[in-house]
Amino acid sequence: MQAREDLPTRTLVVHCPDWSVLASDPGPSDPIVVVRANRVVAASMAARAVGVEVGLRRREAQRRCPSAEVVAHDPARDARAFEAVASSLDAVTPGVEVVEPGTLAFATRGPSRYFGGDGALAERVAWMASGALGDRWPVHVGVADGAFAALLAAHRAREVGAASEVVAAGEGAAFLAPHPTAAILHALEVPEVVDVWRRLGLATLGRVAELAVADVSARFGPAGLAAHRLVRGLDLRPLSLRLPAPDHAVAVELDPPVDRVDRAAFAARSLADDLHGRLAAAGLACIQVRVEARTEHGEVLGRQWRHEG
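Residue numbers (our numbering): 62 to 370.
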């Protein structure tokens, strides 16, 4: 019997496939290929339709899809774009872990009870995340015991064209067992370990899970032990939560209302100085600012600026 502290956490994973493509702001049907170190790391549906897939060399991808726009992988751009999805779930849970841009996770215990069960929670989260993207990109949700099983459940939802997939409590290891060994690469970069598994005839995660821990340690070392732990349906560590960012806002009510631009600008300048002081005290820098003005009739005029440097 597993010790209670070693039991996997019931986890929900949100997965947006090929996130780097969306972050590059493509047109609705543009063939896009995202590359890193001369290898494809993401591809749009239009590019995939003609045979482009993750792992291809750049030249081969361009041969298969000559019209594709090749975009350099930009992790910072991906992270900035994914913040909209992460922040859209602040109303569901006070903290999520951004596993990587395009994938996030959180423990379901409290939210599941509040929303009426894992299934209802998964549907709600899928709807909210999709709405944050303007319903212009697929979002898939998986729920299972352990983050790895939940991630593969999200991938299963994608395969069957569903918004979500929920693995029953206590069935995480059984759910993982029939998956091919290469599925571990969704969570860990251990291609050498997977290659040895294949050469040993271990075709599924279930076969790997049957190996004794001592044997895995002796043959594969720390990387193998981490992979072995995941395929057994356990977590490597507790989720590392991203807490919602504080709302840095300043405001002033002008009474009586001003009717000259220079007076409005003077008030705005004072607010800007106040905001700058608050950010500096918190050790932060401003990369995006929105300015709004409300008229005496209730109309709101707003503009937003972003510094990309």
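Glycine is no exception: its CB is placed at the ideal position from the N, C-alpha and C atoms.
Please classify residue 335: does DSSP put it in a helix, a strand, or coil?
Residue 335 sits at position 274 when you count from the first residue of the sequence shown. In the structure shown, residue 335 sits in a helix (DSSP, three-state: H, G or I).
Does residue 150 pass the burial test, meaning 16 or more other C-beta atoms within 10 Å, or should it be called exposed?
The count along the sequence shown starts at 1 and reaches residue 150 at position 89. The residue in question, residue 150, is buried, as its Cβ has 16 or more Cβ neighbours within 10 Å.
Give the single residue among 86, 288, 107 whose Cα lies nearest to the Cα of residue 125.
Taking the first residue of the sequence shown as position 1, residue 125 is located at position 64. Residue 107 is the option with its Cα nearest to residue 125.
Taking the C-alpha atoms as reference points, what is the distance between residue 77 and residue 357?
In the sequence shown, the residue the question calls residue 77 occupies position 16. In the sequence shown, the residue the question calls residue 357 occupies position 296. When rounded, the distance between both Cα atoms is 43 angstroms.
Span of the beta strand (DSSP E) holding residue 74?
Locating residue 74 in the sequence shown gives position 13, where the first residue counts as 1. 71 to 76 is the extent of the beta strand (DSSP E) around residue 74.
Report buried or exposed for residue 196, applying the criterion of at least 16 other Cβ atoms within 10 angstroms of its Cβ.
Along the sequence shown, read from residue 1 onward, the residue named residue 196 stands at position 135. Label assigned to residue 196: exposed.
Can you say whether residue 360 is buried or exposed, counting buried as having 16 or more other CB atoms within 10 angstroms of its CB?
Mapped onto the sequence shown, residue 360 falls at position 299. Burial call: exposed.
Who are the Cβ neighbours of residue 370 in its own chain at under 6 angstroms, not counting the five residues just before and after it?
To locate residue 370, count along the sequence shown from 1; it is residue 309. In this prediction, residue 370 has a pLDDT of 47, which is less than 50 and means its spatial position is unreliable; what the coordinates show is noted afterwards. There are no such residues.
Leaving out five residues on either side along the sequence, give the residues of the same chain with a beta carbon under 8 angstroms from the beta carbon of residue 241.
The residue given as residue 241 occupies position 180 in the sequence shown. The answer, listed in chain order, is 264, 265, 266.
Assign residue 345 to one of two classes, buried (16 or more other C-beta atoms within 10 Å of its C-beta) or exposed (fewer than that).
Indexing the sequence shown from 1 puts residue 345 at position 284. Result: exposed.
Looking at the structure shown, is residue 225 part of a helix, part of a strand, or coil, going by DSSP?
Your numbering for residue 225 matches position 164 in the sequence shown. Three-state result, residue 225: strand.
Hey, could you find the ends of the beta strand (DSSP E) residue 201 is sitting in?
In the sequence shown, residue 201 corresponds to position 140, counting from 1. 201 to 206 is the span of the beta strand (DSSP E), which, as asked, contains residue 201.
Opening and closing residue of the alpha helix (DSSP H) in which residue 251 lies
Here residue 251 refers to the residue found at position 190 of the sequence shown. Unbroken run through residue 251: none, as it is neither H nor E.
Going along the chain, which residues of its own chain have a beta-carbon closer than 7 angstroms to the beta-carbon of residue 91, five neighbours each way excluded?
Here residue 91 is taken as the residue at index 30 of the sequence shown, counted from 1. Closer than 7 angstroms at Cβ, skipping near neighbours: 105, 107, 130.
Whole-Å CB distance - residue 278 paired with residue 286, under 8 angstroms assumed:
Numbered from 1 along the sequence shown, position 217 holds the residue referred to as residue 278. Numbered from 1 along the sequence shown, position 225 holds the residue referred to as residue 286. 6 angstroms between Cβ atoms; contact.
For residue 152 and residue 75, the rounded distance between their alpha carbons:
In the sequence shown, counting from the first residue as 1, residue 75 sits at position 14. In the sequence shown, counting from the first residue as 1, residue 152 sits at position 91. Near 15 angstroms, if we compare the C-alpha coordinates of residue 152 and residue 75.
Neighbourhood of residue 245 by C-beta distance below 6 angstroms, restricted to the same chain and skipping five residues each side
Numbered from 1 along the sequence shown, position 184 holds the residue referred to as residue 245. The residues are 288.
Please report the straight-line C-alpha distance between residue 268 and residue 255, rounded to a whole angstrom.
Looking up residue 268 in the sequence shown gives position 207. Looking up residue 255 in the sequence shown gives position 194. Whole-angstrom Cα-Cα distance: 12 angstroms.
Identify, in the order they occur along the chain, each residue of the same chain with its Cβ nearer than 8 angstroms to the Cβ of residue 66, setting aside the five sequence neighbours on each side.
As a first step, residue 66 is located in the sequence shown; it is residue number 5 there, counting from the start. With a pLDDT of 49 at residue 66, under the threshold of 50, the modelled position of this residue cannot be trusted; read the value that follows with caution. Around residue 66: no qualifying Cβ.
For residue 190, I'd like the list of residues in its chain whose CB is within less than 8 angstroms of its CB, leaving aside the five on either flank, ordered along the chain.
The sequence position of residue 190 within the sequence shown is 129, counting from 1. So the qualifying residues of the chain are 75, 77, 146, 149, 150, 200, 202.
Completely contained alpha helix (DSSP H) runs for the region 77 to 114, where each covers 4 or more residues:
80 to 84, 106 to 109
So, using beta-carbon positions, are residue 383 and residue 181 closer together than 8 angstroms?
The structure shown does not extend to residue 383, since the chain spans only 62 to 370, so no value can be given for it.
Give the straight-line distance between the Cα atoms of residue 243 and residue 237, rounded to the nearest whole angstrom.
By one-based count along the sequence shown, residue 243 stands at place 182. By one-based count along the sequence shown, residue 237 stands at place 176. Spanning the two alpha carbons is a distance of roughly 12 angstroms.
Rounded separation between residue 87 and residue 93 - CA only
In the sequence shown, counting from the first residue as 1, residue 87 sits at position 26. In the sequence shown, counting from the first residue as 1, residue 93 sits at position 32. Their backbone Cα atoms lie some 7 angstroms apart in a straight line.
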